[in-house]
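Each remark here refers to the structure printed beneath this line.
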């Protein structure tokens, strides 16, 4: 990018001139409909366009039973004479109100400010509350909607900052654009936006009827990374439904058992909370679901071996699962003797002990000249010398020739180069 000094030198030498290009263009702000914020302008035959006095704001829509189109291209408000006809606030002459209303993004560009102070009748938002709770931590929306709405919200926020209403210039700290769930074209089979005309829509009512809303919700999260477009597949929801059936069976079969927690159960519990929490914090929602599947399988194997799972581990699983499948989680929570909802348990999100998420023993691949020959189980804190020694013992007669180099990448691989 050229600096200001470069531009000045180019102009002085007469080899170019400076020009500013704008991509933004004027946008029609008005809409010819009833449902929208009225534009506070009065049209006076003497004074022209006069703003509604500030002490008469906000200007409210009239309360009517019907607001059908006028048929003339005008807003439905134009047909409501008792609202349209008024007097000029400057000269008192008979005048008419502006009958067009503001577009939908006029209100949606600042509504989030009211969330922190919705009952304030004196100001847009209390400054102290705005400073405490705003700006918004995360903006989530589809890319088709978020781009323009984000632009409008920034305009409004910067204006409100300029006039001293807000102390920040950006409305949102972080943006997350979600992908779209697509269907397949009935003719070509290609992924495309779901549409009635293409006949590739999926009825959520049918899915809820056949699988339940928990399975539908979980499959929507599991279908793919949330930031990318995904293709709906009926076979996928069938697999998620079978998983929930297995999980439900595991949990309910332990409800009446008094199992003492083993070191293995405690470690799996802490690793489960750690993994699910970290995946959730990074919005990797599809891997959160796969994590539930992974740990359900691990707990099922432990239950077969030890006769069941301790109550704390099972209840931790239910609490982790509850935001994703609230109905089945609530039923399982009650089965464990709780008379309050899992969300009102005052337990909060499960915590984990970092020290208990680390494996005491790890499995390491052993290579000879870059080719995998076997694996060895070693203490997680094994030294370089002990790792190499264990690898040689595991290789036995398969290690021939003169050893040129011995490499141990901690926690990953052992490679011995021999000629």
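In my numbering, the protein residues as written are 4 to 422.
Note that the Cβ used here is the ideal one computed from N, Cα and C, for glycine as well.
Quantities reported herein were computed from a predicted structural model and do not represent experimental measurements.
If you compare the alpha carbons of 417, 12, 377, 129 with that of residue 389, the shortest gap goes to 417. Counting every other CB atom within 10 Å of its CB across the protein chains shown gives residue 90 a total below 16, marking it as exposed.
In this structure, the beta-carbon distance from residue 257 to residue 311 falls below 7 Å.
Linking residue 292 to residue 128 through their CA atoms gives a straight-line distance of about 39 Å.
With fewer than 16 other Cβ atoms from the protein chains shown falling within 10 Å of its own Cβ, residue 344 counts as exposed. Inter-residue distance for residue 259 and residue 119 is about 45 Å (C-alpha atoms, whole angstroms). Per DSSP, the beta bridge partners of residue 47 are 51. Between the stretch 132 to 149 and the stretch 171 to 180 there are three or more inter-stretch CB-CB distances shorter than 8 Å, so the stretches are counted as touching. In the structure shown, residue 408 adopts extended strand secondary structure according to DSSP, grouped into three states. Secondary structure at residue 242: helix, using DSSP grouped into helix, strand and coil. Residue environment: residue 69 is assigned as exposed (fewer than 16 neighbouring CB atoms within 10 Å of its CB, all protein chains considered).
For residue 418, the enclosing beta strand (DSSP E) has its first and last residue at 416 to 421.
Looking at the DSSP output, residue 380 sits in a beta bridge with 366. Within its own chain, the residues whose Cβ lies closer than 6 Å to the Cβ of residue 109, once the five positions on either side in sequence are excluded, are 40, listed in chain order. Under the 8 Å Cβ criterion, the stretch 11 to 22 does not count as touching the stretch 71 to 81, having fewer than three qualifying pairs. Around residue 170, the same chain offers 134 as residues with beta carbons nearer than 6 Å, after the five sequence neighbours per side are excluded.
Pairwise C-beta distances place the stretch 231 to 245 out of contact with the stretch 313 to 331, as fewer than three of them are shorter than 8 Å. The continuous alpha helix (DSSP H) containing residue 159 extends over residues 146 to 165. In this structure, the beta-carbon distance from residue 332 to residue 323 does not fall below 7 Å. Residue 421 and residue 271 have their C-alpha atoms roughly 39 Å apart. Under a 10 Å Cβ-count criterion, residue 162 is classified as exposed, with fewer than 16 other Cβ atoms of the shown protein chains found around its own Cβ. By the C-beta density criterion, residue 94 is exposed, having fewer than 16 other C-beta atoms within 10 angstroms. Per DSSP, reduced to three states, the secondary structure at residue 194 is strand. Taking C-beta atoms under 8 Å as the contact rule, residue 274 and residue 360 qualify, at a distance of about 5 Å. Counting along the chain, the unbroken beta strand (DSSP E) around residue 97 starts and ends at 97 to 100. Note on geometry: alpha-carbon atoms of residue 231 and residue 182 lie some 4 Å from one another.
Residue burial is scored here from C-beta neighbours: residue 51 has fewer than 16 other C-beta atoms within 10 angstroms and is therefore classed as exposed. Collapsing the DSSP output to three states places residue 234 in a strand. Three or more Cβ pairs drawn from the stretch 383 to 397 and the stretch 356 to 371 lie within less than 8 Å of each other, which places the two stretches in contact. According to the DSSP assignment, residue 107 belongs to the alpha helix (DSSP H) that extends over 107 to 111.
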